[in-house]
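Just so we're aligned, residue 6 is where the sequence shown starts under this note's numbering, counting upward by one. See structure below.
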Amino acid sequence: MIDRRKGIRAALGAIALAGLLLGGCDDGGGSSAPTGLRIQGDGVAEVDQLRLVIKRSVAADTGSSGRVVTENLLAASPAELTAGIRVPAAALPAGDGPAFVHAVALAGGQVVGIGDGSADGLVTVYAYNAACDADGDTYLDCDRPGCCDRLAGGLTGEFSDCHDDPAIAAPSPPDAKRRQADLAHPFAPRERGDDYATCSNGVDDDCLGGDRVCDAVDADQDGVPLASDCDDANPARGAGLPELGGNGVDDDCDGQVDEATD
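Now the structure itself:
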């Protein structure tokens, strides 16, 4: 059985709380003025916290595009969420492009509501339907009938979880790359060609339509290219190199440490 608290616990552990403790219909009297974004509940009877994940595409120095994501945890009561919570500008990532919001209502650490939408208006949080979130990461699979019917037209691609099935096939022979369905979703960091864990791993980690191919480099000059080298700064580690055993290191990059050696 999927532990649907796992994804949210992991995400909350990575959040740098910004102290955004908001009341319902806050007019932004503090140091951070409100944006046009308002989060409102519909049919969510219990809530004590609201987690906001907001993404925006930005131009990179190389001319390519990247993804900036901010996460904030807000205090919220059922009455405040029903009335509507205005979000301060500090919660939005910098940039001029459109921003998109994934709102998660929590009660006692349990997911009770999900809302998705653009950051320039109202985002409505509806009761959580676990059947639409097989991997428990809170991102809904819009390919499942009825899961995203309330999402505004044209936004499905920004919110649909492209890897909602928790079972992701591992390759043979095994490697040390990351393949976790609950870490592959439309608000994940953009895949990079210099990141061994996610490049050429057979998974569309950022839900942008494909797996990023690893850069054709061999920084440690051990004869093993980055695509097969889990530590391209150490010539003693790489796929096909011997597992030394007893050193607490995955020398052959097969995802195992100090496995039995001949």
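Note that the Cβ used here is the ideal one computed from N, Cα and C, for glycine as well. For clarity, every value in this text was computed on a predicted model and none was experimentally measured.
- Excluding five sequence positions before and after Val-92, the CB atoms of its chain that fall closer than 6 Å to its own CB belong to Thr-40 and Leu-42, given in chain order.
- Each residue's CA atom was taken as its position, placing Gly-122 and Ala-172 some 28 Å apart.
- Pairwise C-beta distances place the region 127 to 142 in contact with the region 45 to 57, as three or more of them are shorter than 8 Å.
- Counting along the chain, no beta strand (DSSP E) covers Ala-88; the unbroken alpha helix (DSSP H) around it starts and ends at 83 to 88.
- Following the DSSP letters along the chain, one finds Phe-164 inside the alpha helix (DSSP H) bounded by residues 161 to 164.
- The criterion of a C-beta distance shorter than 9 Å is not satisfied by Arg-149 and Cys-167.
- Here DSSP, grouped into helix, strand and coil, assigns Leu-57 to strand.
- Note on geometry: alpha-carbon atoms of Leu-246 and Cys-258 lie some 8 Å from one another.
- Boundaries of the beta strand (DSSP E) harbouring Ala-104: 104 to 112, taken from the DSSP string.
- The DSSP-derived three-state label of Asp-121 is strand.
- Distance from the CA of Leu-86 to the CA of Ala-95, rounded to the nearest whole angstrom, comes to 19 Å.
- The three-state reading of DSSP puts Ala-95 in helix, counting H, G and I together.
- Nearest Cα to Gly-114 within the set Asp-154, Leu-78 and Glu-196: Leu-78.
- Here the alpha carbons of Gln-54 and Ala-80 stand approximately 5 Å from one another.
- Looking at the backbone, the Cα of Cys-204 and that of Glu-163 are separated by about 21 Å.
- Cys-212 is not a Cβ neighbour of Leu-231, given a cutoff of 9 Å.
- Bridge partners of Asn-77 according to DSSP: Leu-57.
- DSSP, read as helix, strand or coil, puts Ser-233 in helix.
- The residues Ile-59, Lys-60, Arg-61, Leu-97, Pro-98, Ser-123, Ala-124 and Asp-125, in chain order, have a CB closer than 8 Å to that of Ala-104 in the same chain once the five nearest residues on each side in sequence are set aside.
- Taking 8 Å as the upper bound for CB-CB distance, Asp-180 and Ala-244 are in contact here, some 6 Å apart.
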